[in-house]
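With the working numbering applied, the sequence shown corresponds to residues 670 to 952, in that order.
Below is one structure, written out as structure tokens; comments come after it.
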Amino acid sequence: MANRNVSFRKSKAITLSLFFILVFVEISYSKDNFITVASTTSTENSGFLNYLLPKFSNKTGIFVRVIAVGTGQAIEIAKRGDADILLVHHRKSEQKFVDEGFGVRRYDLMFNHYVIVGPGGDPANIRQVSEAEVALKKIFETQSNFVSRGDNSGTHKFELGLWEMAGIKLGKDAGNWYRELGTGMGATLNTAANMLAYTIADRATWLSFKNKMNLEVLLRGDAKLKNSYGVILVSSQKHPHVKRKKGETFIDWLTSREGQDAIGQFSINGEQLFKPYNSVKNN
């Protein structure tokens, strides 16, 4: 009986040892078998990344960790080498990131469009307008409430470019009608709904936004409202710890026919959220 107890204890000890070894190996493996992507709130808050990334992981065994912030913050994170991949939506800033040596190359990934939303009463009467800069001029001329993200995000940068196109210098001309919030897209839309204000939103966040209240899309379809997303591998010359090969695998999959088809199949309430470029690595 004693021998059986000793044998049982030895067997149990061996089993526990093997268990802890396997756990250690799995933890050690998982610690390195991932990449970090600095991306925008629109790709995460819309549910897009939760839909897309498991498809990549199932295909390759590589997991993806996401830091979802505004484009400006995402670029700064990538500049510090705290991400392997940059996936954002402000082409000018992205190209500068590459030109300064922080990124290897920019690839067109997908696009949708911005929309101008506002209260159903439409005090600036922009509903019949077809050009974004004309709509902004009418908002300015009527001093109608407008809320801006004001957070250096891709959407904020884009909005500032539209005001410039409209010939309106906000630093001098802005009054109480124009408010910079320093918040994300969802919070900005909430404020717009409560203030009966206009704002510019990316279509992905707008479609997934639940608290629309009296807000409506008042202008869409202007070619100038195109919202392009690019993907960039962070330079391993700047930051040797960057997971170059895994990052390349990620970009290869995103820009492949399989990845592009997956992007095009994502929808909210039956509406396609992003259109793939379908031009594999041609930028």
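The C-beta atom is built at its ideal place from N, Cα and C for all residues, glycine as well.
All values derive from a computational prediction rather than experimental measurement.
{"Asked": "Three-way DSSP call (helix, strand, coil) for SER711 in this model", "Found": "helix"}
{"Asked": "Exposure of GLN793, with buried meaning 16 or more beta-carbon neighbours within 10 Å", "Found": "One point to set straight first is that residue 793 is Ala, not Gln, in the sequence displayed. Classification for ALA793: buried."}
{"Asked": "Stretch-stretch touch, CB-based, cutoff 8 angstroms, three pairs: the stretch 790 to 804 with the stretch 914 to 932", "Found": "no"}
{"Asked": "The stretch 848 to 855 contacting the stretch 809 to 823, beta-carbon criterion three pairs below 8 angstroms", "Found": "yes"}
{"Asked": "Given 8 angstroms, three or more beta-carbon pairs between the stretch 861 to 873 and the stretch 742 to 754", "Found": "no"}
{"Asked": "For VAL706, the residue or residues it bridges with in DSSP", "Found": "VAL735, ILE754"}
{"Asked": "Closest Cα partner of ILE704 within the set THR710, GLY716, PHE725", "Found": "PHE725"}
{"Asked": "Neighbourhood of ASN947 by C-beta distance below 7 angstroms, restricted to the same chain and skipping five residues each side", "Found": "GLN929"}
{"Asked": "Close-in-space but distant-in-sequence residues of the same chain around ALA801 (CB under 7 angstroms, 5 per side omitted)", "Found": "ILE785, LEU831, LEU888, ASP891, LYS893, LEU894"}
{"Asked": "Beta-carbon proximity check, LEU902 vs ILE754, cutoff 8 angstroms", "Found": "yes"}
{"Asked": "Through-space distance from LYS944 to ASN938, alpha-carbon basis", "Found": "16 angstroms"}
{"Asked": "Integer-rounded CB distance, given that ALA737 should sit under 8 angstroms from THR709", "Found": "7 angstroms"}
{"Asked": "Status (buried if at least 16 other CB within 10 Å, exposed otherwise) for TYR698", "Found": "Caution is warranted here: a pLDDT of 43 is assigned to TYR698, below 50, making its placement in the model unreliable, and the coordinate value is therefore given only provisionally. Exposed is the call here."}
{"Asked": "Distance between ALA870 and GLY899 (C-alpha atoms, nearest Å)", "Found": "18 angstroms"}
{"Asked": "N- and C-terminal bounds of the beta strand (DSSP E) containing ILE869", "Found": "868 to 871"}
{"Asked": "Assigned exposure category for GLU695 - 16 Cβ within 10 Å defines buried", "Found": "Caution is warranted here: a pLDDT of 44 is assigned to GLU695, below 50, making its placement in the model unreliable, and the coordinate value is therefore given only provisionally. Exposed is the call here."}
{"Asked": "LYS974 classed as buried or exposed, judged by whether at least 16 other C-beta atoms fall within 10 angstroms", "Found": "One cannot answer for residue 974 here, as it falls past the ends of the chain, which runs 670 to 952."}
{"Asked": "Option nearest VAL733 by Cα separation, candidates ARG926, THR924, ILE920", "Found": "ILE920"}
{"Asked": "Paired residues, beta bridge with VAL886 - DSSP", "Found": "VAL786"}
{"Asked": "LEU805, DSSP secondary structure in three states", "Found": "helix"}
{"Asked": "Identity of the residues DSSP links to SER897 by a beta bridge", "Found": "PHE780"}
{"Asked": "Beta-carbon proximity list for ILE690, same chain, < 7 angstroms, skipping 5 on both sides", "Found": "The predicted model places ILE690 with a pLDDT of 44, which falls under 50 and marks its position as unreliable, so this point remains unresolved."}
{"Asked": "Euclidean distance between Cα positions of GLN906 and ASN719", "Found": "30 angstroms"}
{"Asked": "From HIS759, ASN880, GLY750, LEU778, residue whose alpha carbon lies closest to that of PHE827", "Found": "HIS759"}
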